[in-house]
Amino acid sequence: MKVMVLGAGAIGSLTSTLLARSEQVDELVVASRRLPPARDLVKKIGRKHVKAKQLDCDRVGDMTKAFKGFDMVVNLVLPRFNLKIMDACVRAGVHYLDTATDLVLTKDKKGDKIERTPEQIQLDRDDTWKDHDLTAMLGWGCDPGLSNIFARLGADRLDRVDSVLVRDGDNSTIEGYEFATLWSADTLIEEVQMDALAFYNGRFTRVGTAEGEEVFHFPEPVGPQTVYNVDHEESNTLPLFIGKGLRNQDFKLSLPKGLAEFIRLAKKWGMTKADPIPVRSKFHNTTTKVAPRDVMTALLPVPVGMAANVHGSTCVGSVVKGVKNGKPAGWFIYTLMSHDYCYKKYGYNAVSYTTGAPPVVGLEMFARHEVSRRGVFPPEVLDPVPIVKHLPDWDIPYGERVEVAG
Ligand SMILES: NC(=O)c1ccc[n+]([C@@H]2O[C@H](COP(=O)([O-])OP(=O)(O)OC[C@H]3O[C@@H](n4cnc5c(N)ncnc54)[C@H](OP(=O)(O)O)[C@@H]3O)[C@@H](O)[C@H]2O)c1
Numbered sequence: 032m033k034v035m036v037l038g039a040g041a042i043g044s045l046t047s048t049l050l051a052r053s054e055q056v057d058e059l060v061v062a063s064r065r066l067p068p069a070r071d072l073v074k075k076i077g078r079k080h081v082k083a084k085q086l087d088c089d090r091v092g093d094m095t096k097a098f099k100g101f102d103m104v105v106n107l108v109l110p111r112f113n114l115k116i117m118d119a120c121v122r123a124g125v126h127y128l129d130t131a132t133d134l135v136l137t138k139d140k141k142g143d144k145i146e147r148t149p150e151q152i153q154l155d156r157d158d159t160w161k162d163h164d165l166t167a168m169l170g171w172g173c174d175p176g177l178s179n180i181f182a183r184l185g186a187d188r189l190d191r192v193d194s195v196l197v198r199d200g201d202n203s204t205i206e207g208y209e210f211a212t213l214w215s216a217d218t219l220i221e222e223v224q225m226d227a228l229a230f231y232n233g234r235f236t237r238v239g240t241a242e243g244e245e246v247f248h249f250p251e252p253v254g255p256q257t258v259y260n261v262d263h264e265e266s267n268t269l270p271l272f273i274g275k276g277l278r279n280q281d282f283k284l285s286l287p288k289g290l291a292e293f294i295r296l297a298k299k300w301g302m303t304k305a306d307p308i309p310v311r312s313k314f315h316n317t318t319t320k321v322a323p324r325d326v327m328t329a330l331l332p333v334p335v336g337m338a339a340n341v342h343g344s345t346c347v348g349s350v351v352k353g354v355k356n357g358k359p360a361g362w363f364i365y366t367l368m369s370h371d372y373c374y375k376k377y378g379y380n381a382v383s384y385t386t387g388a389p390p391v392v393g394l395e396m397f398a399r400h401e402v403s404r405r406g407v408f409p410p411e412v413l414d415p416v417p418i419v420k421h422l423p424d425w426d427i428p429y430g431e432r433v434e435v436a437g
C-alpha cells in the first residue's frame, strides 16, 4: 500500500517508524505542517521507501492534491483537522484512519440535554463514504482504540451488558519535570476543558471534568490510582454500538489530586479557552492578543523529546460487566506496558507506543482485507478476536482479569 502519515509528533513518529517496517507498506510519506521535523524523522527511519513532505492540514485543496494516488491516509495531527482531512480523502478517493475526535464539535455542558455527540458528526458521513466505496477507521489508538476493542471483546461474551467503564492509569514519573504530558498537551487541555460525556441509566449526560473521583486498582505495577471523569471518545461511540442493553458507560483517567484541582480551577479561570484575548503586559509595556490555552501549552515541554525521562508503566482497559447464562460476569481487559522497556526497545514512551502501534495493526488488517467494511466506523463494530490475535505482531501487550460483577 501507498500510505501517507499526517503528523510527525509523539504518535506520528512512532507509527511512521513501525509502518516503515511493515510488509504491507510499499511507499510511505510523512507529512507535517513544518518540514524539518518530518525530514528529521525520515532521516532517523533511514529507509529508501520513506519520504517527508510539508503539508498544512488546514487546507483541503492542498491535501486533496497531495493525497491523490495514495491508498490510505493515517491522521495523527490534532483532531480539529479531522473533518477537513476526511473531505480531502473523499475528494482524492483515499481510505482513512485516525486516533482521536474533535471533542469540541458540540458545545453542550453539564446539565444540557445531549442531542448529538461530537463523534456522531464524523459518523454522519458514513453514507457518503459508502457511496464512494471508501473506509474511515475512527479511533484506532490506545484509548480510543484498544479500549473499544476490549469493550467489544468483553461484551461479545455476555448475554446482557450492564456497564463498560474505561480506565486509564499511569504511575510514571518524568525525570526533570514537575509536570509534563506524555501526549499532545493541546489534546490534554481540550479533553479536560469540556464537561465529560458519560452514559448513565441509558442516557447521555455531561458530568464535571476532573470530578467523580474514585480509586481504581490497576494491575501491578501500576496499582491503585485515583481516577477522574474526563471527556473522551469512547463515551461517544460505545453507548451507540455495544448494544445488549448497555446502561452505563464512562471514562476515567488517573490524575495527581493537585492537577485535578488545578484543572477545575484553570477551567473556571478561563485558562483553557482557545480564543485570543488582548493582553497588556505590565512588565514590558506591550499589548498582544493571545489564546490562554496556547500559553498553557507553551509552558509544557514537547512530548516527542521526553521518552528517555519517563519511568513507570501505563495501563488502559475496559471493565465490562453484565450477565452470562443468568449469572453476573465481568472482566477488566487491558493493555499494560512499561515506559522503561519501551524506551529501551523502541526509543519511545509506552503511551506513544500503545497509541502509535494499533494504527499499524488496523492498517495491515485493512491491507490484507481482514477489514473490508466501507463507511465511517469506530473499532467496536468489528470482530475483536482477529484484532486481538494480531496485537502481538507489533508487541502490543494484552491481559485480562475477572472483575466481580455488580
Ligand atoms: N487514541 C489515543 O490513545 C491517543 C493518545 C494520544 C494521542 N492521540 C492523538 O494522536 C494525535 C497526535 O498526537 P501527538 O501526541 O502526536 O501530538 P503532537 O506531538 O502535538 O504532534 C502533532 C503533530 O501534528 C502536526 N500538526 C499540527 N498542526 C498541523 C497542521 N495544520 N498541518 C499539518 N500538521 C500539523 C504537528 O506539527 P508541528 O510540530 O509543526 O505543530 C505535529 O507534528 C492527536 O490527534 C491526539 O489526540 C490519540
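Under the working numbering, think of the first position of the sequence shown as 32, with each following residue one higher.
We put the beta carbon where it would ideally sit given N, CA and C, even for glycine.
- For Thr-240, the three-state secondary structure derived from DSSP is coil.
- Looking at the DSSP output, Asn-356 sits in no beta bridge, so it has no partner there.
- By a beta-carbon distance limit of 8 Å, Thr-46 does not contact Val-60. Their separation comes to about 13 Å.
- In the DSSP assignment, Arg-191 falls within the unbroken beta strand (DSSP E) covering 191-201.
- Shown here, His-263 sits in coil according to DSSP, grouped into three states, outside any helix or strand.
- At a threshold of 7 Å, Pro-390 does not count as near ligand 1, since its beta carbon sits no closer than that to any of the ligand's heavy atoms.
- Distance from the C-beta of Val-326 to the nearest heavy atom of ligand 1 is not below 7 Å.
- DSSP lists Gly-176 as the beta-bridge partner residues of Gly-172.
- Inclusion of Thr-386 in the 7 Å shell around ligand 1 follows from its C-beta lying nearer than that to a non-hydrogen atom of the ligand.
- Boundaries of the beta strand (DSSP E) around Asp-129: 126-129.
- Residue pairing by DSSP places Pro-255 opposite His-248 in a beta bridge.
- Of the other Cβ atoms in all chains shown, fewer than 16 fall within 10 Å of the Cβ of Asp-89; this residue is therefore exposed.
- If you look at Lys-283, you'll find it in the beta strand (DSSP E) that goes 279-285.
- By the C-beta density criterion, Trp-300 is exposed, having fewer than 16 other C-beta atoms within 10 angstroms.
- Cβ atoms of Pro-389 and Trp-171 come within 8 Å of each other, at about 5 Å.
- Between ligand 1 and Asp-217, a heavy atom-to-CB distance of less than 7 Å is present.
- Residues of the same chain with their beta carbon placed closer than 6 Å to that of Phe-408 are lacking, with the five preceding and five following residues left out of the count.
- Within the model, the alpha-carbon separation for Gly-38 versus Val-354 is close to 43 Å.
- Judged by the Cβ position, Gly-43 qualifies as a neighbour of ligand 1 at the 7 Å threshold, a heavy atom of the ligand being closer than this.
- Contact between Arg-198 and Val-253 does not hold, since their C-beta atoms are separated by about 10 Å, which reaches or exceeds 8 Å.
- Fewer than three Cβ pairs drawn from the stretch 132-148 and the stretch 85-99 lie within less than 8 Å of each other, which leaves the two stretches out of contact.
- For Thr-95, the uninterrupted alpha helix (DSSP H) run begins and ends at 91-98, by DSSP.
- Between ligand 1 and Trp-425, a heavy atom-to-CB distance of less than 7 Å is absent.
- Short note on Gly-170: C-beta closer than 7 Å to some heavy atom of ligand 1.
- In this structure, the CA atom of Gly-378 is about 18 Å from the CA atom of Ser-215.
- Around the Cβ of Tyr-208, a 10 Å sphere holds fewer than 16 other Cβ atoms; the residue is exposed.
- According to the DSSP assignment, Lys-33 belongs to the beta strand (DSSP E) that extends over 33-37.
- The nearest non-hydrogen atom of ligand 1 is less than 7 Å from the C-beta of Ala-131.
- Taking the Cβ atoms as the reference, Thr-385 lies roughly 6 Å from Met-368, within the contact range of under 8 Å.
- Counting the other Cβ atoms within 10 Å of the Cβ of Val-56 gives 16 or more, which makes it buried.
- In chain order, Val-36, Leu-107 place their CB closer than 6 Å to the CB of Gly-43, counting only its own chain and leaving out the 5 sequence neighbours on each side.
- The residues Met-35, Leu-37, Phe-98, Ile-116, Cys-120, Val-125, Tyr-127, in chain order, have a CB closer than 7 Å to that of Val-104 in the same chain once the five nearest residues on each side in sequence are set aside.
- Per DSSP, reduced to three states, the secondary structure at Glu-58 is strand.
- Of all C-beta pairs linking the stretch 345-352 to the stretch 177-187, three or more are shorter than 8 Å, placing the two stretches in contact.
- Within the model, the alpha-carbon separation for Glu-292 versus Ala-241 is close to 8 Å.
- Three or more Cβ pairs closer than 8 Å define a contact, and the stretch 153-169 falls short of that threshold against the stretch 243-251.
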